[in-house]
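Heads up: the sequence shown is residues 1 to 440, going by the UniProt record's numbering. All residues carry an ideal CB built from backbone N, CA and C; glycine is no exception. Heads up, the thing below is written out as structure tokens.
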Amino acid sequence: MGCLSAQVRSGWCAVLSLHMTWLVWTGLIKGLGVMLPVLQEEFQSSTWLVGWTIAIINGISDFVGPFAGPLEMKFGPRMVIMMSGVLIGGSLVVASLATSVIQFAVSLTLLSGCGISFANILTRAMVGRYFTTHYTAANGIGHAGHSVALIVFAPLTQLLLDTYGWRGAMLLLGGICMHLVPCGTLFTDRPTSQRHGGASGDEYAPLPGDSESPPQSSKCCCCCCLELQFSGARCALNFGLEVFEKASFYLTAVLFISNRLVNDLWVIYFVDHVYAKGLSGQDAVTFTAAAGVANLVAKVAHGPVVDRGWMGLRTMMVVTITVAAACLFADPWMDTYLWLMVNAVVFMGASGVIGALLDVYTKDLLGADYLVSAFSWMGVLSGFATTSLGFLPGWMYDVSGSYDGAFILMGGIWSVSLVVMVMEGVMYKLGWITRDSDKK
């Protein structure tokens, strides 16, 4: 009973840490998005350059993702998550001293990018390992940190900005992000997995006697070759390269990239988009807060619906992707206060469900043992997309004076996910891929 209680307690600690990780990540990006006009004026730079700098933070966090697995195996999730909190908070403190866009970008990308990546990947994987039942609900609660950040950080950042200026606001946001450190202290050793290999702590490999040792002259070359092969295989295992051998990985990767890219661009540019439509900064903050409430409700409510079988995982994903894409396509015609509010609320409600269900979808196609590898390498692929296209909405605005074309493009990007969902269904029917849910 004590062992079971410890397992349950560790699972909910993982949910809390995942919640805090999303809170810090989204809060950082959303806070910088609110400060985008001020930073543009402070550094006397164009909109697309400052916006791209913010987008690159996510890009860097994606590129370093594959190191999360080896770091976890070397130091354990506890130490890695604690150091991630230090990196994120410290990056904001350093960025508050910047006098140019380059200094601002370097301080944020190199430090916070790494911290965000390691903490997010490990906490998401830990929740997937601990929860074999009610995973959708637990994962939704963890992802709800993103929603809370949308509600809280936009008005909070605006208040700090008006009261202390952008440098003071950065310092205080850094202090808030440091709260990820105590979350790391809640972790114990990761649940064991046979895929990562290794004998148990009570077993010892026998040492061969002198009589059993082969002559070096006849075995040296063979031993060296075997050792090199073993080292290469172990390196591939640590970095999760074996996930590329699975066709299911590429399906989940396309969905993940589409979701991450569109959501990152929306979070970064939405406030400036509202300015461009002639509304005030306070209106933009209100829209963001309302959208965050919808996102929070959707993330908490969808879990029981899927876990209890009231709606299938894939059915809900298709419905929410369609709704979110429709909101983006309709955005150019949403010019009034009321319609912008409705559009933001519906979009973020659907977006919240998609983001949480993607983790469940990934576990269903790849299994719990491959979550760290899958999250890491999907992050790398999405990092290329975010870094390459993160400037595009700002550039389109600088050229045309409107974000309408950018939001239509974002809707088109998300529509690709519907095609992938159809492909996954066909491949499953043909027996080319399997699902983890079939084994239960």
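Pick from the options that is closest to residue i, judged by C-alpha positions
i           : options               : result
residue 68  : 109, 28 and 124       : 124
residue 81  : 394, 183, 140 and 387 : 183
residue 388 : 247, 60 and 13        : 60
residue 292 : 372, 168, 259 and 145 : 145
residue 19  : 279, 424, 334 and 180 : 180
residue 100 : 258, 25, 313 and 50   : 50
residue 308 : 135, 241 and 33       : 135
residue 129 : 40, 272 and 11        : 11
residue 319 : 55, 70 and 414        : 414
residue 48  : 70, 405, 370 and 390  : 390
residue 277 : 339, 248 and 250      : 339
residue 385 : 161, 38 and 261       : 261
residue 349 : 153, 290 and 176      : 290
residue 119 : 347, 15 and 46        : 15
residue 263 : 432, 352 and 138      : 352
residue 249 : 297, 362 and 403      : 362
residue 325 : 419, 382 and 241      : 419
residue 176 : 53, 426, 22 and 46    : 22
residue 322 : 56, 375, 54 and 354   : 354
residue 295 : 46, 342 and 280       : 342
residue 102 : 383, 285, 39 and 58   : 39
Short CB-CB distance (under 8 Å) between residue i and chain B
i           : result
residue 249 : Of the chains in the structure shown, none is chain B; there is only one protein chain.
Residue burial classification, residue i (beta-carbon count within 10 angstroms, cutoff 16)
i           : result
residue 437 : exposed
residue 422 : exposed
residue 393 : buried
residue 133 : exposed
residue 194 : Note that residue 194 scores a pLDDT of 41, beneath 50, so its modelled location is shaky and nothing firm can be said.
residue 227 : For residue 227, the predicted structure reports a pLDDT of 47, less than 50, and the residue's modelled location is therefore unreliable. A value from the coordinates is still provided. Residue 227 should be labelled exposed.
residue 28  : buried
residue 35  : buried
residue 494 : This structure does not reach residue 494, given that the chain is present from 1 up to 440, and the question cannot be answered.
residue 122 : buried
residue 202 : Any answer about residue 202 is weak, because its pLDDT of 42 lies below 50 and its placement is not dependable; what the coordinates show is given next. Its Cβ having fewer than 16 others within 10 Å, residue 202 is exposed.
residue 164 : exposed
residue 157 : buried
residue 267 : buried
residue 251 : buried
residue 44  : exposed
residue 441 : There is simply no residue 441 to check, as the chain begins at 1 and stops at 440 in what is shown.
residue 151 : buried
residue 381 : buried
residue 443 : No answer is possible for residue 443: it lies beyond the span of the chain, which begins at 1 and ends at 440.
residue 162 : exposed
Backbone secondary structure at residue i - three-state DSSP
i           : result
residue 363 : helix
residue 435 : coil
residue 331 : helix
residue 310 : coil
residue 44  : coil
residue 403 : coil
residue 376 : helix
residue 299 : helix
residue 36  : helix
residue 84  : helix
residue 193 : In this prediction, residue 193 scores a pLDDT of 45, lower than 50, which makes its location untrustworthy; the coordinate-derived value is nonetheless stated afterwards. In the structure shown, residue 193 sits in coil (DSSP, three-state: anything other than H, G, I, E or B).
residue 100 : coil
residue 336 : coil
residue 472 : For residue 472 there is no data in the structure shown, the boundaries of the chain being 1 and 440.
residue 91  : helix
residue 415 : helix
residue 382 : helix
residue 320 : helix
residue 178 : coil
residue 143 : helix
residue 277 : coil
Contact set for residue i: own chain, Cβ-Cβ below 6 Å, skip 5 residues either direction
i           : result
residue 328 : 407, 410 and 411
residue 117 : 61, 64 and 65
residue 196 : With a pLDDT of only 43 at residue 196, under 50, the local geometry of the prediction cannot be trusted, and the value read off the model is given with reservation. Excluding residues within five positions, none has a Cβ falling inside 6 Å.
residue 79  : none
Same chain only: Cβ atoms within 7 Å of residue i, ignoring 5 sequence neighbours per side
i           : result
residue 428 : 435
residue 300 : 140, 141 and 144
residue 13  : 186 and 187
residue 131 : 11 and 138
residue 25  : 116 and 120
residue 306 : 136, 313 and 316
residue 56  : 105, 109, 387 and 390
residue 107 : 91, 94, 95 and 98
residue 335 : 277
Cβ-based neighbour list, residue i, same chain, cut-off 8 Å, excluding 5 preceding and 5 following
i           : result
residue 111 : 87, 88, 90, 91 and 94
residue 395 : 48
residue 360 : 135, 136, 139, 306 and 313
beta-carbon residue i near the ligand HEM non-hydrogen atom, thresh 7 Å
i           : result
residue 424 : By its list of ligands, the structure shown contains no ligand whatsoever, and the ligand HEM lies outside what it can speak to.
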